[in-house]
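Numbering (the numbering used here), first residue to last: 4 to 286.
We put the CB at the ideal spot given by N, CA and C, even for glycine.
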Amino acid sequence: MTLRETPPGATDCHCHIFGPAATFPYAEPRSYTPEDETLEDYLALLDRLDLDRGVIVQPSAYDRDNACTLDALRRAPDRLRGVAVVGSEATADTLRAMHRDGIRGLRANEYRRDGVAAYHGGVRLAEIEPFMPLMAELGWHLQLWIDARHLPELEPRLAKLPVPIVVDHMGRMHHSHGINDPGFQALVRSVGEGRYMAKLSGTYRLGATKPDYLEAKPFHDALVAANPEALVWGTDWPHPRPDGGRPDAARLLRVFLDWTTDPVVRKKILTDTPARLYDFPAV
């Protein structure tokens, strides 16, 4: 028997559920076609990694059809919360029903390559902005998928939003730009001031190499030093369209634990902040 290294209530704050495709068909067009990676597969992963809770993020392969995500939330309400993707077609009743099912945020896709959307699916911030008053009433947050280099141009709009802002994958820019990049520094400052939060996830999406992903460590360290109470961690399981091959979730957790050795900081990132952000019972 091995000694558990994760604190009680430890939460994977970024995963996706796919399929079965026969029940939950994918959007057309889409940027990738995943294999079935079901709720049962994910719950088994949580158990294997000594993680008690998880957060399902609506993937781009389903665009605005949240049926698969909502089905999983309804089937494991004690362990799971979710982040949905909706656009102008949604209503206040839609969001309130999603809240009852466990949704606690909406995701905006501002991730661009050369000014063009990098993935089919998802909605831009402009479509979500009209929902902000209701999101604030419900206690939701905005999850922002963006390359940190583009954060400064959005900051005037983001500063006016009445909800917490959570930036995906440490700002998801290639590690070669370095931690002194103005966009990443804007993220670090905003995290330090408590204006933004960030996910310590997707180390491999920064172009870092297996098995240790050391190129991503300076980004991780800068965010932890800025404000460990404004951070959460996630596996990004099952790693759709990964850069450089599909990583192992257990290895990603091992890397996080090796980089985050203070047990108090670990508990903040894995348990305490996720409980507040996603409305889990405190541990």
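A Cβ-Cβ separation of about 14 Å leaves D44 out of contact with A24 under the 8 Å criterion. Fewer than three Cβ pairs drawn from the stretch 130-139 and the stretch 69-79 lie within less than 8 Å of each other, which leaves the two stretches out of contact. The Cβ atoms of V268 and P231 sit closer than 8 Å to each other. The residue from G57, D81, R56 and G85 with its alpha-carbon nearest to that of N69 is G85. A distance below 8 Å separates the beta carbons of D239 and S204. Nearest C-alpha to K220 among R249, A201, E196 and I182: I182. The three-state secondary structure of F187, taken from DSSP, is helix.
Nearest Cα to T206 within the set Y199, G197, R192 and F222: F222. By the Cβ-count criterion, R208 is buried, with 16 or more other Cβ atoms from all chains shown falling within 10 Å of its own Cβ. Straight-line measurement puts the Cα of D261 at about 15 Å from the Cα of A225. Considered as a whole, the stretch 131-176 harbours 144-148 and 168-170 as its complete beta strand (DSSP E) runs of no fewer than 3 residues, in chain order.
Going by C-alpha positions, H177 is about 31 Å away from P10. Note that the stretch 266-280 does not touch the stretch 45-53; fewer than 3 beta-carbon pairs, one per stretch, sit closer than 8 Å. Between K202 and H17 a beta carbon distance of about 6 Å is seen, short of the 8 Å cut, so the two are scored as contacting. As a beta-bridge residue in DSSP terms, C18 pairs with I59 and W240. Excluding its 5 nearest sequence neighbours in each direction, D184 has C-beta neighbours in its own chain below 8 Å: A151, R152 and M176, listed in chain order. Around M101, the same chain offers A87 as residues with beta carbons nearer than 6 Å, after the five sequence neighbours per side are excluded. Secondary structure at E40: strand, using DSSP grouped into helix, strand and coil.
Closest in C-alpha terms to G108, from the list A47, R192 and R279, comes R279. Under the DSSP assignment, L256 falls in the alpha helix (DSSP H) whose first and last residues are A252 to W262. The C-beta separation of P155 from G195 comes to about 16 Å, leaving the pair out of contact by the 8 Å criterion.
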